[in-house]
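Asks:
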Amino acid sequence: MATTDSQLWAGTECAVRVWNFKDLYSAAGQGDSGDEETVPFRESVCTSAVICLVKDEGSRVVWSGHRDGRIRCWKMESATPIPANPFKEGLSWQAHRGPVLSLVISCYGDLWSGSEGGVIKIWPWEAIEKALSLTTEERHMSSLLVERSYIEPWTQVAVNGFTNILTSDVRYLLSDHSGAKVWSAGYLSFALWDARTRELLKVFSTDGQIENRVDIPSAQDPSGEYVSGSKKDKTQSSFGFFQRSRNAIMGAADAVRRVAVKGAFGDDNRRTEAMVIAVDGMIWTGCTSGLLVQWDRNGNRIQDYHYHSSAVHCFCTFGLRIWVGYASGTVNVLDLEGNLLRGWVAHSSPVIKMAAGAGFIFTLANHGGICGWNITSPGPLDSILWSELAGKEFLYTKIESLKILTGTWNVGQGRASHDSLISWLGSVASTVGVIVVGLQEVEMGAGFLAMSAAKETVGLEGSSVGQWWLDMIGKTLDEGSTFERVGSRQLAGLLIAVWVRNNIRTHVGDVDAAAVPCGFGRAIGNKGAVGLRIRMYGRIMCFVNCHFAAHLEAVNRRNADFDHVYRTMNFCRPNFLNCAADLDCHWSFLLQLVLHLQYKFFVAHIERDQLRVEMEAGNVFQGMREADITFPPTYKFERHQAGLAGYDSGEKKRIPAWCDRILYRDSRSASVSECSLECPVVSSISQYEACMDVTDSDHKPVRCIFTVDIARVDESIRRQELGEILKSNEKIKFMAEEICKIPETIVSTNNIILQNQDTSILRITNKCGKKDAFFEIICEGQSIIKEGGHASDHCPRGSFGFPRWLEVTPSAGIIRPDHIAEVSLHHEEHQTLEEFVDGVPQNWWCEDTKDKEVILVVKVHGSYSTDTRHHRVSVRHCCSAKTNQMDPPEHRARQTQGTVLHRSDFQHLSSSCDVVDDLWSLCSP
């Protein structure tokens, strides 16, 4: 997900989608695409799954990395109008053999991409610029031009003698514009690169331990500069081939190691799952354990913070705050010092991406939902906005009614006939929207149980018999035409599966599975539980199929089994919302009943069953309920013997019992609660019965039909109401204007001249006495100075990057009230540029020595405003004295004051200093 000044871009499994911020509060259905509630959006032509996105405001494009290894370029303007046809990419090429896992644009406009096995490729801005400038007739050459222009920085490292290559997948790339560095990261290690020279600076682990230091010769070293073309080509080619081969082998070995570690010991909690750079230059990384780590821009580990046990999935920074998204769906907000300001559950599934724009922090959930959170939260606007929205709750609350059929059956290692499945499920399926089936004792042989336990340790599950049951039930339910199976889980003899009707499939998602063995040593699945967790109409429902210890005297073991399942069943994506929980339970227990007693006595003696006694004592299934039992005991029967005469007449003469039960819990705290947003899931039971005519097992199948009311928010209406509140409420408008006001700032000059290796100081003053100012410096474009001192059209680099001859430090930061930030503008000496083809340098030339001019833009914003105020500064690099003479003497004198300062004289960003009196009199341009 990425934001521009006017759009939100997001990648899907098959396309790129774009939302225009001007449509945020509009009614649904007014755009090119979208369902009845979403903000209107536009969608691209079909593509491979999108893995990463990065915006390039300078070129007015968005770059996307895909699972098929391609990089695609999308013009921002192509998504602005609303034609009927999907928009197409402007440029694409095959970047990697594997998926493109990460993308970033450096401060010099180069596009960096990362893939599997440690592969990093750099696509120079010069090649991209040329490809984008080609005419439509020449466009067929653009893909080939860029595709062959890449640079492999690891190959350059190998040439210089560095052999301990980072071979893990390059999951993350991060550009430190102020430090002119690029970070690359795998799960357990980092590499730090010089963005200008593309040299490796440092490799270190997630613990902060330096794995290798490299001392690479500088560009001036003759041994690295004067190499014949044929000799260097051969060296590069040989190293490139063997290095890529080694990377592939090491990457495969690393993948095998990770799988083995995961299977034997669980996920490594030190793994890096997300990273971001804050406005103060600190880098933050998040780990699988929920740990947050703060680093300085040189890769030194500063401090750790731990506020949540779930895995960190994403970050977003804006102003003085850091937003953290977790696998649990929780969002935490921190200040730059790492203090927790607030946290809440934002989604019912993992928060996987975040982006800031239009006064909101947008969060993307794993199920595809996007929410926008006011950028001032937590703040004084929250309570007023919530109060106003709560008063209009009746306008945007929508009640959905859904029928759910749940069925449980201990099949006793047998197989059911088609007629039995029709009697149990098929006969009532036509009236329900969701069907949940739990089976016990699908297979129970000792060899099978041992093999199942072994498969579970490496993440494998299922069996041919389990698949037979899924296929037969699917056939009974007319799977494909009427129903779709959305999830299943098998643990040895336990199996659970869910089918949903096709017409509500779009409202069902975020399916997750879990299993807990309770057999021998808590490792064998003959006893235990399997569960599925599913999102329906935005609410979470959990279905669990249990099979606990048998026999009358084993009540304490059953209680212990329940306690173990309750404490250890963890879904991959834990959830903390109020949810409806239908517990599909097979609970073995016995009642002291005589075989020949009639039906009415079954009802009279049900109060004596162990399950109800234990539930009333609060020992098991706390807070759950069961409908009245009006059917005979479902155990134990002789197979293929109809009627109540089929009760066990063998040698053991087991006492009949209600072993097969279905319990449930919803959002209600009392039975009279009505369905509302405060009590979002309310259920009632229309049928609870056993299928006594089914004789394929010694147990009878049981089914229960729930009518479930689900309260949800009509997002389209609530969005319009929020827009109306923000537009019409005078108090909110006044507070928002005050909070989002941009501090007044001034710059010390609008014109700077640099000669070879000169350094000049640009001072930015925050004249506001109360609020922090945030600045970012970009390069709006570069041009050649013509005869007469006039500059031609200024052409921007990628993402408004700087030319390689200009170093701007820092290019972003914070200015405290009544303070000055000093920015160093330094001219780097001319360097030899190389043109690469297929990763091998082909041509060398000196950087252009003509006089040049760049337009720097100092963008200033406040703590809570995405709007900016701009200051433009012209910076000229003069190679000859005649250009310098074009400026008036008084201007040259002012410039000289800046150029005589040395680095040791630089004032640190936002450090205390007296404000220069004459700066106050300057007018903001």
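Going by our numbering, the letters in the sequence shown line up with residues 1 to 925, in that order.
Think of the CB as a built atom: it goes at the ideal place given N, C-alpha and C, for glycine as much as any other residue.
Is Asp478 helix, strand or coil by DSSP?
Replies: For this step, residue 478 is matched to residue 478 along the sequence shown. The answer is coil: DSSP assigns Asp478 none of H, G, I, E or B.
Asks: How many Å lie between Ile370 and Leu364 at the Cα?
Replies: Position 370 of the sequence shown, counted from the first residue, corresponds to residue 370. Position 364 of the sequence shown, counted from the first residue, corresponds to residue 364. Straight-line Cα distance between these residues: approximately 5 Å.
Asks: Can you tell me where the alpha helix (DSSP H) holding Arg718 begins and where it ends?
Replies: For the purposes of this step, residue 718 is identified with residue 718 of the sequence shown, where counting begins at 1. Element bounds for Arg718: 715-728.
Asks: Considering only their Cβ atoms, is the gap separating Ala812 from Val279 smaller than 8 Å?
Replies: Working through the sequence shown from its first residue, we reach residue 279 at position 279. Working through the sequence shown from its first residue, we reach residue 812 at position 812. Yes, the pair counts as a contact, with Cβ atoms nearer than the cut-off.
Asks: Taking only three categories from DSSP, how would you classify Met451?
Replies: Taking the sequence shown and counting its residues from 1, one reaches residue 451 at position 451. The answer is helix: DSSP assigns Met451 an H, G or I state.
Asks: In three-state DSSP terms, what is Ile190?
Replies: In the sequence shown, counting from the first residue as 1, residue 190 sits at position 190. Per the sequence shown, residue 190 should be read as Phe rather than Ile. Residue state, collapsed to three classes: strand.
Asks: Would you kindly check if the distance between the Cβ of Glu89 and the Cβ of Ala49 is under 8 Å?
Replies: Your numbering for residue 49 matches position 49 in the sequence shown. Your numbering for residue 89 matches position 89 in the sequence shown. Their beta carbons are not under 8 Å apart, which means Ala49 does not touch Glu89 by this criterion.
Asks: Which of helix, strand or coil does DSSP assign to Ile473?
Replies: In the sequence shown, residue 473 corresponds to position 473, counting from 1. Three-state result, Ile473: helix.
Asks: So which of Ser175, Ala185, Met735 has the shortest CA-CA distance to Ser168?
Replies: For the purposes of this step, residue 168 is taken as the residue at position 168 of the sequence shown. Nearest option by C-alpha distance: Ala185.
Asks: Quick check on the burial criterion: 16 or more other C-beta atoms within 10 angstroms. Buried or exposed for Ala773?
Replies: Position 773 of the sequence shown, counting from 1, holds the residue named residue 773. The residue is buried, with at least 16 neighbouring Cβ atoms inside 10 Å.
Asks: Within its chain, find whatever has a CB closer than 6 Å to the CB of Ile739; leave out the 5 residues flanking it on each side and keep chain order.
Replies: Residue numbering aside, residue 739 sits at position 739 when the sequence shown is read from its first letter. Excluding sequence neighbours, Ile739 sits near Thr376, Tyr864.
Asks: Taking the straight line between their C-alpha atoms, what separation do you get for Gly480 and Ala513?
Replies: Taking the sequence shown and counting its residues from 1, the one referred to as residue 480 is at position 480. Taking the sequence shown and counting its residues from 1, the one referred to as residue 513 is at position 513. Spanning the two alpha carbons is a distance of roughly 22 Å.
Asks: Grab the span of the alpha helix (DSSP H) containing Gln7 for me, first residue to last.
Replies: Here residue 7 refers to the residue found at position 7 when the sequence shown is read from its first residue. Taken as a continuous stretch (DSSP letters only), Gln7 belongs to no alpha helix (DSSP H), being part of the beta strand (DSSP E) at 7-11.
Asks: Using DSSP with H/G/I as helix, E/B as strand and the rest coil, what is Phe836?
Replies: Sequence index remark: in the sequence shown, residue 836 carries index 836 (1-based). If DSSP states are grouped into helix, strand and coil, Phe836 belongs with the strands.
Asks: Going by C-alpha to C-alpha distance, which of Trp123, Ile473, Thr482, Gly368 sits closest to Arg797?
Replies: Locating residue 797 in the sequence shown gives position 797, where the first residue counts as 1. Selected option, being the one with the closest Cα: Trp123.
Asks: List the endpoints of the continuous alpha helix (DSSP H) containing Ser387.
Replies: In the sequence shown, residue 387 corresponds to position 387, counting from 1. Where Ser387 is concerned, the enclosing alpha helix (DSSP H) stretches over 381-390.
Asks: Going by the beta-carbon positions, is the gap between Val324 and Leu334 smaller than 8 Å?
Replies: Taking the sequence shown and counting its residues from 1, the one referred to as residue 324 is at position 324. Taking the sequence shown and counting its residues from 1, the one referred to as residue 334 is at position 334. Against a cut-off of 8 Å, the Cβ pair of Leu334 and Val324 comes out as a contact.
Asks: For Pro633, which of Met624, Ile655, Asn502 has the nearest alpha-carbon?
Replies: Counting from one through the sequence shown, the residue named residue 633 turns up at place 633. With distances taken between Cα atoms, Pro633 lies closest to Ile655.
Asks: Could you please give me the residues that DSSP links to Asn366 through a beta bridge?
Replies: Mapped onto the sequence shown, residue 366 falls at position 366. None, per the DSSP bridge assignment.
Asks: Leaving out the 5 sequence neighbours to the left and right, which residues in its chain are closer than 7 Å to Arg196 when beta-carbon positions are compared?
Replies: Sequence index remark: in the sequence shown, residue 196 carries index 196 (1-based). Once the five neighbours on either side are set aside, the close Cβ partners of Arg196 are Tyr108, Ala180, Arg804.
Asks: Within the same chain, show all residues whose beta-carbon is closer than 8 Å to that of His564, passing over the 5 residues directly before and after it, in chain order.
Replies: In the sequence shown, the residue the question calls residue 564 occupies position 564. Correct list, in chain order: Val516, Cys518, Arg522.
Asks: Between the Cα of Ala15 and the Cα atoms of Phe21, Phe41, Asp23, which residue gives the shortest distance?
Replies: Indexing the sequence shown from 1 puts residue 15 at position 15. Nearest of Phe21, Phe41, Asp23 to Ala15, Cα basis: Phe41.
Asks: Can the beta-carbon of Arg927 be found closer than 8 Å to that of Val857?
Replies: Past the boundaries of the shown model lies residue 927; the chain is included only from 1 to 925, so the question cannot be answered.
Asks: Pick out the complete beta strand (DSSP E) segments inside the segment 610-672, 3 residues or longer, and give them in chain order.
Replies: Qualifying beta strand (DSSP E) stretches, in chain order: 660-665.
Asks: What first and last residue would you give for the beta strand (DSSP E) that runs through Phe204?
Replies: As a working mapping, residue 204 is identified with position 204 in the sequence shown. Where Phe204 is concerned, the enclosing beta strand (DSSP E) stretches over 200-205.
Asks: For Leu477, collect the residues of the same chain with a Cβ closer than 6 Å to its Cβ; drop the 5 residues on either side in sequence, then sort them by chain order.
Replies: The count along the sequence shown starts at 1 and reaches residue 477 at position 477. The residues are Ala429, Phe483, Trp499.
Asks: Quick test of your reading: Val694 and Ser420, contact by CB under 8 Å. State the CB separation rounded to the nearest angstrom.
Replies: Here residue 694 is taken as the residue at index 694 of the sequence shown, counted from 1. Here residue 420 is taken as the residue at index 420 of the sequence shown, counted from 1. Correct: roughly 4 Å between the Cβ atoms.
Asks: What residue ranges within the segment 39-94 form continuous beta strand (DSSP E) runs of no fewer than 3 residues, ordered along the chain?
Replies: Listed in chain order, they are 50-56, 61-66, 70-75, 91-94.
Asks: Which ranges would you report for the alpha helix (DSSP H) in the segment 758-813 if only whole runs of at least 4 residues count?
Replies: Counting only runs of 4 or more, we get nothing.
Asks: Got a sec, what are the start and stop residues for the alpha helix (DSSP H) Met141 sits in?
Replies: In the sequence shown, counting from the first residue as 1, residue 141 sits at position 141. Start and end: 139-147.
Asks: Within a Cβ cutoff of 7 Å, which residues of the same chain sit near Glu273, ignoring the five residues on either side of it in sequence?
Replies: On the sequence shown, position 273 is the one that residue 273 refers to. Excluding residues within five positions, the ones whose Cβ falls inside 7 Å are Gly286, Cys287, Thr288, Ala311, Val312, His313.
Asks: Taking Lys353 as part of the beta strand (DSSP E), name the residues at either end of that continuous run.
Replies: On the sequence shown, position 353 is the one that residue 353 refers to. That run of the beta strand (DSSP E) goes 351-357.
Asks: Report yes if the C-beta of Ile322 is less than 7 Å from at least one heavy atom of the ligand PLP; otherwise report no.
Replies: For the ligand PLP, the structure offers nothing, since it holds no ligand at all.
Asks: So is Gln30 buried or exposed if we call it buried at 16+ other beta carbons inside 10 Å?
Replies: Position 30 of the sequence shown, counting from 1, holds the residue named residue 30. Any answer about Gln30 is weak, because its pLDDT of 48 lies below 50 and its placement is not dependable; what the coordinates show is given next. Its Cβ having fewer than 16 others within 10 Å, Gln30 is exposed.
Asks: Measure from the alpha carbon of Glu388 to the alpha carbon of each residue in Asn269, Cys52, Lys731, Val276, then state which is nearest.
Replies: The residue you call residue 388 lines up with position 388 of the sequence shown. When only C-alpha atoms are compared, the closest one is Lys731.
Asks: Ordered along the chain, which non-local residues of its own chain (more than five positions away) have a Cβ less than 6 Å from that of Ile151?
Replies: Counted from its first residue, the sequence shown places residue 151 at position 151. These residues qualify, in order along the chain: Ile122, Phe836.
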